[in-house]
Amino acid sequence: MQNRFCCGLVAVLAVLAVLLPVQAMAQVVECTPARGLKPIMATHTIPPYPDVSVMTSEQGTVLLGVVIGKDGMPGDVQIEQSSGSLRLDITARDHVKANWRWEPMAEACHTKVSMRFDVHDRQPGDRWSPIIRPGIADYPPQSLKAGEQGDSIVMILLGQDGTILKVGPTGHGSGYPALDAKSEELAKTLRLKPATMDGKPVFTVVTVDFRWVLPAK
Amino acid sequence: MSRIWLAIAFLFSMPCARAAEAPPPADQPPSGQPYEIVRNDVDLEVAPDGHTWEMDETHTRPLNLVGLQALTQTTLSYTEGYQRLQILAYTLKKDGRRIDIPDSDILKGTGETSAPGFSDVRTMTVVFPNLEVGDEAVLITRIEQVKPWFPGVFASTIVYPRDTVVREATLALTTRGDDSKFHITASGVNGEQPLSAGGKTRHVWHYHNDTVQTPEPGATDDIQDQPRVEVTTLSDYKSVAGYFAGLFADKAEVTPDISSLAGKLTAGISDRRAQARALYDWVSTNIRYVDIVLGAGGFIPHAAADVLKNGYGDCKDHVMLLKALLAAKGIKSASVLIRAGASQFRLPDAPSPFLFDHLINYIPEFDLFVDSTARYAAFDALPATDAGKPVVVVEEGRTAVTPPDTAASTSISVKSRITVNADGSADGNADVETVGSNAILYRAIMAAIQPDRENDFFRALLGADSTGKLGRGDTGALTRDYAFSAHYHVGHAANIAGPGAISVLSLGFHPISFPSLIGTNLPVRRTRDYVCAAGLYRDTSTITLPGHASISTLPPSQVITAQGIRLAVTYEKVSPQTVRAQTELRMDPAGPVCPASGYDQIRPQLSRMIGALLAQVIYQ
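If you're matching them up, the sequences are chains A and B in order.
The first sequence begins at 2 in the numbering used here and counts up by one.
The second sequence begins at 38 in the numbering used here and counts up by one.
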């Protein structure tokens with residue numbers, strides 16, 4: 002249930018290695034696990050939803066063609082199929098080029114990346130997410146002892162009456178399970194108002210950024 | 038709205054710069070960078086109907102305490118009902134920590150005008166917490182133009198600063214629909230090839246500036262000279278005029294009250310120019326200036342009848358009432374869009390209704406521009422801030438240029454008699470005659486000095502133990518010339534116990550600052566065109582020393598000229614104790630703007646002129 006909840010909200014990333022024929026990059030072989038294709042998952046992050054795309058309700062799925070060098074770095078990244086929005090296409094392209102990495106391989110190869118933007122879902126990591134700074138009393142003792150800090154962004158599904166129906170991770174965790182779990186626990190205690198449409202409350206998804214910062218020593 | 042470093046020149050309204058009272062240009066920032074722009078990203082989408090959606094993210098780093106002071110607080114404004122503004126701001130510390138500013142800590146305010154008036158401008162003020170030198174102040178805004186100021190019109194100019202380090206700036210403009218309807222001019226920036234998809238076209242430009250241009254005193258601020266991107270849906274200034282003509286169409290109707298007033302004010306006056314003058318004088322004197330910016334009221338004037346009834350109004354209201362009064366006497370006039378508050382002497386390439394900050398009248402019958410909001414301006418004199426400016430004559434659908442100041446149109450003439458007493462004090466009289474824009478300026482100055490503060494005025498000018506009295510004449514009379522006088526005592530004018538020297542223009546009250554007119558801080562070189570002063574300035578001073586002193590040496594009389602500028606200085610020994618010095622500076626440049634290319638040739642002469650003004654009379 003939790004997975005479905007997340008998948009329905011998060012821009013879906015999929016590596017489509019063999020779905021479409023390669024034309025422009027005919028000399029480059031297709032990447033396959035057999036050829037050593039192994040993503041470094043921590044780098045396969047989602048770009049922030051562009052603000053103007055949120056304001057103008059742009060959404061869609063972009064298909065990128067990526068040439069991965071022997072060093073695992075993306076070389077040429079092409080927009081092979083537009084999402085219908087140049088802004089989203091370019092955001093995806095630039096993000097993949099700047100952030101995504103793979104393990105080094107024996108030879109360069111070509112792969113495809115699909116990235117879906119759905120404006121109805123609050124994008125995890127959206128910088129306009131409200132920020133909550135838990136106090137020292139909220140800190141899990143083991144995290145406090147270990148000096149763990151970071152941002153844990155949590156999704157909350159609200160009913161029409163404001164009831165919290167579901168709380169789940171977004172994939173943008175702090176990197177510390179204890180902090181992420183505590184963030185979800187705290188999220189369940191929040192009192193939030195659902196959004197309205199035509200004056201009537203509707204089911205609403207919000208993301209909240211729990212910012213765990215230890216006091217300076 | 039050059040609001041901050043990267044000025045997105047949206048002028049949300051026409052707040053009516055009051056020419057006569059407009060402050061002088063701000064001093065250029067001192068050399069040494071107070072801050073640098075680390076990053077600026079603008080993502081702007083525009084619909085053909087004038088709706089816009091914009092994200093603006095700016096990271097600015099204070100480099101010293103001056104920069105810190107400038108960046109600690111930032112105020113943004115918007116107009117309710119027309120725009121939506123969201124702000125996200127935080128301080129990014131040098132160590133990577135991010136200190137957010139909660140929405141509850143963003144101060145919301147109303148009104149932006151400093152003049153008396155009404156405004157529905159809303160403000161949001163961000164105070165960056167814990168900002169220190171080397172940190173970054175990060176300001177992210179979402180701005181939506183939910184209701185266009187002019188339906189179907191979009192125009193914007195993004196100007197990048199040359200006097201600030203900009204590490205990285207990117208502007209992405211997405212146009213909806215037919216991209217060819219957007220006229221785009223870009224200069225000094227690197228553009229990418231536009232891309233089109235899904236009925237939209239995306240243009241991207243990059244800018245960076247690692248070499249800071251030294252500010253040049255008096256440099257013009259024309260948009261054409263700056264790195265910029267201009268976008269407009271208007272093809273020419275005739276279109277701009279057309280939009281305003283529509284807004285003004287029914288605002289200058291001649292009602293029975295207006296007709297009656299016009300008749301009363303011109304009773305017994307048959308000369309048409311004299312009639313127009315009488316009507317102008319009445320509006321200038323009796324309609325109180327009040328800044329009114331409410332919604333589209335920033336562009337739309339009130340009806341002339343309402344302005345008459347209320348007895349107050351802003352520049353647009355002044356123009357409509359004067360237009361109606363003139364029409365009542367069969368004198369045709371037009372509304373004129375002008376940018377009074379800026380040192381800009383060329384209309385930008387991209388026509389825009391948002392470029393202008395003031396409205397004045399033009400009377401074709403007399404080929405005369407008049408500004409009735411300039412409280413002290415005569416019918417046939419424009420304030421200096423209106424002079425030599427490019428304008429759009431709305432009802433005629435054309436551009437024009439207002440008459441520039443010249444040596445024939447504006448002047449100051451001073452006759453001074455100063456007697457130095459044996460104790461080193463001095464007593465003096467000065468009779469001052471001013472003409473044209475200088476008359477407007479000095480009327481405003483004289484009217485602003487409180488009668489019971491005249492001694493303070495002279496003490497501030499002439500030093501300790503000084504007193505004085507002004508003969509102000511009639512500051513309210515709207516004549517082209519204005520005369521006033523000063524009678525004063527200088528507490529400590531000269532120490533004449535033994536041989537010494539005096540500089541004539543440093544002794545006593547001299548309202549003309551010759552070095553300032555010539556250019557006190559002559560920069561070593563100029564790369565930008567600059568505003569040239571114009572006018573005729575004459576000071577005749579007769580100085581008498583006490584009986585025990587005798588004048589031994591006079592400076593040489595001389596004439597120095599430099600392309601439209603002529604300085605003549607003469608000294609005459611009238612008696613052993615009396616010297617008469619005459620200083621005349623005639624400044625008659627070819628236009629209001631002097632080219633940087635000619636500066637190298639004239640700088641040596643200008644420097645000599647300043648030296649000549651410091652010449653001293655030696656006495657025993």
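Beta carbons: idealized from backbone N, C-alpha and C, even for Gly.
Examine chain A for any beta-carbon lying closer than 8 Å to the beta-carbon of residue i, and answer yes or no.
i	result
B/R239	yes
B/E205	no
B/Q642	no
B/L232	yes
Which residues in chain B sit within 7 Å of residue i, going by Cβ to Cβ distance?
i	result
A/I132	D137
What does residue i reach in chain C if we use C-beta pairs closer than 9 Å?
i	result
A/V53	No chain C is part of this structure, whose protein chains are labelled A and B.
For residue i, return the contacting residues in chain A, with the cut-off set at a CB-CB distance below 9 Å.
i	result
B/L176	Correct list: empty, because the minimum Cβ distance to chain A is about 12 Å.
At the 8 Å Cβ level, is residue i part of the contact set with chain B, yes or no?
i	result
A/M56	yes
A/W129	yes
A/A25	Confidence at A/A25 is low in this model, with a pLDDT of 43, below 50, so its placement is unreliable and no value can be given for it.
Round the Cβ separation of residue i and residue j to the nearest angstrom and send it over; I've been treating them as touching at under 8 Å.
i	j	result
B/V202	B/V266	Not really, about 20 Å apart at Cβ, beyond 8 Å.
B/S644	B/L559	6 Å
B/Y574	B/L544	Actually they do not touch by this definition, with Cβ atoms about 18 Å apart.
B/L284	B/I221	The Cβ separation is near 26 Å, so there is no contact.
B/F382	B/D259	6 Å
B/G473	B/S448	7 Å
A/L187	A/P135	6 Å
A/M106	A/G73	7 Å
B/R199	B/N246	6 Å
B/T564	B/E253	7 Å
B/I533	B/V457	7 Å
B/K369	B/P401	6 Å
Name the chain A residues that come within less than 8 Å of residue i, Cβ to Cβ?
i	result
B/G235	S83, G85, S86, L87
Any heavy atom of the ligand HEM closer than 7 Å to the Cβ of residue i?
i	result
B/D294	The ligand HEM is not among the ligands present in this structure, which contains no ligands whatsoever.
Name, going along the chain, the residues of the segment 84–104 of chain A whose beta-carbon falls closer than 7 Å to a beta-carbon of chain B.
G85, S86, L87, R88
Scan the segment 117–143 of chain B for residues whose Cβ lies nearer than 7 Å to a Cβ of chain A and list them as they occur along the chain.
L125, D137
If you scan the segment 24–78 of chain A from start to end, which runs of the beta strand (DSSP E) of 3 or more residues do you find wholly inside it?
61–69
Which residue spans inside the segment 313–368 of chain B form an unbroken beta strand (DSSP E) run of at least 3?
328–330
Complete beta strand (DSSP E) runs within the segment 165–201 of chain A (minimum length 3 residues, chain order)
165–170
Let me know the beta strand (DSSP E) ranges lying completely inside the segment 521–574 of chain B, each 3 residues or longer, listed in chain order.
537–539
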